[in-house]
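For reference, the structure is listed below as C-alpha cells.
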Amino acid sequence: MKTFISTRPVSCAIIMLGTLSAFAISPAQVRQLLDSGEKITFVDVRLNTVFQSGHIPGAINIPAKLVPEKQLPPIGHVIVCDDGIHLDAAAAAAALNQKTGINAEVLDGGYAAWETERSETTGPGGMKEEKSPLITYAELQKIQSSDVVLVDLRKAAPSPAKALSLNPSGKNIAPPALTDLQAEFPKARVSRSPFAESGGGATLAKSASSAAPPLLVLIDSGDGSAQRIARALKANGITRFAILAGGEKILSVHGEPGLQRIGSSVTVRKASADSSQPATP
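With our numbering applied, the sequence shown corresponds to residues 120 to 400, in that order.
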C-alpha cells in the first residue's frame, strides 16, 4: 500500500469514511497551489449528468464507482472532487492512491464548497433553475460527523392545552414529540439556524475541524421552511447544503419506508379454502 506524505505544512484536515482516510485540502489552499504554478489534476467523481452542468475547469470526470477499475497514467498530484454532500471523494482518493504515480487528496467540501468560495467553474452565470439537493435518512446516518450541521427548522409540538383545543373529539391526546436530532445523529452538530451573527452581519458559522464550510442539512416539518432557507442560503452564495428528504416525518419512523415502519403492523385474514369471497383486511 502506498502512503502519501504531504510536504506542505500540516493544515489539511483528514477525512475518514469507515476504514478509509484521505488528506483533505480546502479550496483556498488549492487556489494558492495553482497560483504558485503547481500542476494539479482534478478528478470529479460526480455523475456525468451533474458534471456536465458545471465543474472545475479542466477536471476529468470519473464517477466514483468506476474509479477503482479505471486505468490512469502517473498523473501526479490529484484533487478529488465530489458534490460535498454525499462524500464519495474519500473512497475514490483512497483507490487512486493505490495506483502508481498518483498522490490524491480530497477537495474539502467538494464542488459545493468550491462554488461557495466563488472559484472559477464551467457552469453558466446569472440566474439558475432552482434545484435544492436532497439527502436521505440512510445517507445522513452514513456521513454524520462534526462537520455536518443539522439545521432544525421544525415547529415545536403544541402545548397539551392547545392540542386539546384543536382536537374536535375533546379527548386529551398528547401531541407527538419531535425526534431528538442529537440522539438520532450523535456525531453531527445541531443548530436552530445556519447563520451566526458576526461583525454586524449574518455569516455562516465555520466548522471547527474543517477549512471549508460545514455541510448544512435542513430539516423541517414538511411546511416548506427548508426550501425557504435554501433560497436564502443560495442568495448569500452558500451552496454546501442539502434538505433531509421527508423531514420530521421520516425521522419519526427512523427512516423505515412504507409498511416497514417501526410500530406499524397490518393483519390480513385469509379466506377459507372453499370460499369464493376474496380475503378482507
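Beta carbons: idealized from backbone N, C-alpha and C, even for Gly. These numbers come from a predicted model, not from an experiment.
Buried or exposed: where does Gly-177 fall if 16 or more other Cβ atoms within 10 Å of its Cβ makes it buried? Taking the first residue of the sequence shown as 1, we reach residue 177 at position 58. Gly-177 should be labelled exposed.
Can you tell me whether Arg-150 is helix, strand or coil according to DSSP? Taking the sequence shown and counting its residues from 1, one reaches residue 150 at position 31. Arg-150: helix per DSSP, three-state reduction.
Please tell me whether Val-186 and Ala-223 are closer than 7 Å, where the distance is taken between their beta carbons. Looking up residue 186 in the sequence shown gives position 67. Looking up residue 223 in the sequence shown gives position 104. Not closer than 7 Å, so no.
Is it right to say Gln-379 is buried, meaning 16 or more other beta carbons lie within 10 angstroms of its own, or is it exposed? By 1-based counting over the sequence shown, the position of residue 379 is 260. Confidence is the limiting factor: at Gln-379 the pLDDT is only 44, short of 50, which leaves the residue's position unreliable, though a coordinate-based value still follows. Classification for Gln-379: exposed.
Limits of the alpha helix (DSSP H) - the one that Leu-370 falls within: Numbered from its first residue, the sequence shown carries residue 370 at position 251. Element bounds for Leu-370: 366-371.
Mind checking Gln-301: buried by the 16 CB within 10 Å criterion, or exposed? Within the sequence shown, numbered from 1, the residue matching residue 301 stands at position 182. It counts as exposed.
Between which residues of its own chain and Ala-361 is the CB-CB distance below 8 Å, once the five residues before and five after are set aside? By one-based count along the sequence shown, residue 361 stands at place 242. The residues are Ile-204, Ser-251, Pro-252, Leu-253, Ile-254, Leu-334, Leu-335, Val-336 and Leu-337.
According to DSSP, is Val-169 part of a helix, a strand, or is it coil? Counting from 1 along the sequence shown, the entry for residue 169 is found at position 50. Residue state, collapsed to three classes: helix.
Using DSSP with H/G/I as helix, E/B as strand and the rest coil, what is Arg-308? As a first step, residue 308 is located in the sequence shown; it is residue number 189 there, counting from the start. Residue state, collapsed to three classes: strand.
With respect to the beta strand (DSSP E) encompassing Ala-223, which residues constitute its N-terminal and C-terminal limits? Your numbering for residue 223 matches position 104 in the sequence shown. For Ala-223, the enclosing beta strand (DSSP E) begins and ends at 221-226.
Alpha-carbon to alpha-carbon, Lys-353 and Pro-182: Numbered from 1 along the sequence shown, position 63 holds the residue referred to as residue 182. Numbered from 1 along the sequence shown, position 234 holds the residue referred to as residue 353. Distance between the alpha carbons of Pro-182 and Lys-353 is about 26 Å.
In whole angstroms, what is the alpha-carbon distance linking Ser-145 and Phe-314? Counted from its first residue, the sequence shown places residue 145 at position 26. Counted from its first residue, the sequence shown places residue 314 at position 195. The alpha-carbon atoms of Ser-145 and Phe-314 are separated by roughly 21 Å.
Report the rounded CA-to-CA distance for Leu-206 versus Glu-258, giving the unit in angstroms. Within the sequence shown, residue 206 is the residue found at index 87, counting from 1. Within the sequence shown, residue 258 is the residue found at index 139, counting from 1. Their backbone Cα atoms lie some 10 Å apart in a straight line.
Helix, strand or coil for Gly-203, going by three-state DSSP, please let me know. Within the sequence shown, numbered from 1, the residue matching residue 203 stands at position 84. Coil at Gly-203, not helix or strand.
Pairwise C-alpha distance: Pro-192 and Ile-348: Here residue 348 corresponds to residue number 229 of the sequence shown, with the count starting at 1. Here residue 192 corresponds to residue number 73 of the sequence shown, with the count starting at 1. Distance between the alpha carbons of Ile-348 and Pro-192 is about 44 Å.
Looking at Gly-242: is its Cβ nearer than 7 Å to the Cβ of Ala-331? By 1-based counting over the sequence shown, the position of residue 242 is 123. By 1-based counting over the sequence shown, the position of residue 331 is 212. Going by C-beta atoms, Gly-242 is not nearer than 7 Å to Ala-331.
Collapsed DSSP secondary structure at Thr-160 in the structure displayed: For the purposes of this step, residue 160 is taken as residue 41 along the sequence shown, with counting starting at 1. If DSSP states are grouped into helix, strand and coil, Thr-160 belongs with the strands.
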